[in-house]
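Colleague: The numbering of the sequence shown is my numbering, which starts it at 485 and goes up by one.
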Amino acid sequence: MKTKHALICLLLLILASALFAQPKIPRMYVQKLVLDNGKLPFVTWLDKVSAPEYLLEAWITDRPFDLLSTDTHTVHHLAVSQVGDGIKFPFTVVAKLQLGNFKFHWHPGEIIHFRLTHKETGQIKEWEEEIPEGSYLIKHLEDPIVIPPYSKDK
């Protein structure tokens, strides 16, 4: 009887722990980046590495301690990189973030804060994005963000 009771308790514990161990939901954010003259920023095109010219950091504003950074995370978390083949899809520089890599699950309506630092000049661009409903790709290729380095005559 005790063995049967222990087995039932163990099964209930396993089922309860499964509820708390729900996987995080992956979702990609992609943002086109341009310079203030409308041209693409120079980035070193490296395989499986974020562009070393920039430091990209991202966090959900309600949880600033849950910080993702290109200094400490892989390109599977977030990156600044050049995409495209120049033929079928023009070369484009983008910031990309995999929301599923935050330690805590994201929710629609939360705000993601981005900070992009141009390492050589120290110039910084910050912007925010509200997470929309759904689980589809958050893609901003038609409305680019202007990033450093900024022109000296501005």
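For glycine and all other residues, C-beta sits at the position ideal for the given N, C-alpha and C. These numbers were taken from a predicted model, which means no experiment stands behind them.
If contacts are defined as beta-carbon pairs under 8 Å, then residue 660 and residue 614 qualify, I think. What distance do you get, rounded to the angstrom?
Modeller: With the chain covering only 485 through 638, there is no way to say anything about residue 660.
Colleague: CB-CB under 6 Å to residue 622, same chain, minus the five flanking residues each way: which ones, in chain order?
Modeller: So the list reads 513, once near-sequence residues are dropped.
Colleague: Sort out for me which residues DSSP pairs residue 553 with in a bridge.
Modeller: Beta-bridge analysis with DSSP links residue 553 to 541.
Colleague: If you draw a straight line from the alpha carbon of residue 543 to that of residue 584, how long is it in whole angstroms?
Modeller: 12 Å
Colleague: Which of helix, strand or coil does DSSP assign to residue 487?
Modeller: helix
Colleague: Within a Cβ cutoff of 8 Å, which residues of the same chain sit near residue 560, ignoring the five residues on either side of it in sequence?
Modeller: 582 and 585
Colleague: What does the alpha-carbon distance come out to for the pair residue 636 and residue 523?
Modeller: Whole-angstrom Cα-Cα distance: 15 Å.
Colleague: Between which two residues does the beta strand (DSSP E) carrying residue 563 extend?
Modeller: First-last of the beta strand (DSSP E) with residue 563: 562-567.
Colleague: Have a look at residue 577 and residue 551 and give me their C-alpha separation to the nearest angstrom.
Modeller: 22 Å
Colleague: Hey, which unbroken runs of the beta strand (DSSP E) at 3 residues or more fall wholly within the segment 557-618?
Modeller: 562-567, 576-582, 595-602 and 608-614
Colleague: Among 545, 533 and 530, whose alpha-carbon lies nearest the alpha-carbon of residue 610?
Modeller: 545
Colleague: In three-state terms, what does DSSP make of residue 631?
Modeller: coil
Colleague: Between residue 600 and residue 571, is the Cβ-Cβ spacing less than 8 Å?
Modeller: No, Cβ-Cβ distance for residue 600 and residue 571 is not below 8 Å.
Colleague: Does the distance from the CB of residue 527 to the CB of residue 567 come in under 8 Å?
Modeller: no
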